[in-house]
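>
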Amino acid sequence: MENASKALIMAAEVLIGIMIISLGVYLFATYSKTSKEIYDKQYEQQIIQFNTKYTNYIDKENLNIYDIRTIASYAKHDNESLSELDRNSEEQRVSVRFYGNSTDLADETDEAWDNRVKTDLNRIQGNNTELPKYECKIKKYNEEGRITSIEIKSIN
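Residues in the sequence shown are numbered from 53 upward in steps of one, following my numbering.
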């Protein structure tokens, strides 16, 4: 009789131990899933915030050379903040190019930009008092959803 009661106590201890371990595994799985979801949402917010500075200019047909310079400056700043390895990767860099031109505007010097602005200002003659207009389109996103290529097209 005494051995039977000890056996029941031991069985109860084993069952309680299994229940505690199961509860620990359940809590770990639940909290790790929750933290992954939080991390994923934060990462998604970072991507949206990154893209927003470019998407503000997308599909607008009244952009001027100063807007294009702003877009290129954003791209230059974003490219400079990349690691050395990512800076040379087409999947991470943001490139800004005029339609049909291979020159990346994000890599242009201040002197080159001054020349571009002067060229556009020289187009203002006679009754034409407006700067040339441009439109901006996103050409490519990377796997993460970040904008990596922007195309600028003259519309006049």
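C-beta atoms are modelled at their ideal positions from N, C-alpha and C, and glycine is treated no differently.
Using DSSP's beta-bridge definition, name the partner residues of V148.
According to DSSP, V148 bridges with I202.
> Measure from the C-beta of S206 to each C-beta in chain C and report whether the shortest distance is under 7 angstroms.
In the structure shown, chain C does not exist; there is a single protein chain.
> To which residues of the same chain is S206 closer than 8 angstroms at the C-beta, ignoring the five residues directly before and after it?
Cβ within range, chain order: F150, Y151, P184, K185 and Y186.
> N108 to Y95, Cα distance in whole Å?
Answer to the nearest angstrom: the Cα atoms are 20 angstroms apart.
> Go through its chain and collect everything with a Cβ distance to K191's Cβ below 7 angstroms, but skip five positions before and after it.
Closer than 7 angstroms at Cβ, skipping near neighbours: S201, I202 and E203.
> What first and last residue would you give for the beta strand (DSSP E) that runs through Y109?
Element bounds for Y109: n/a, residue is neither H nor E.
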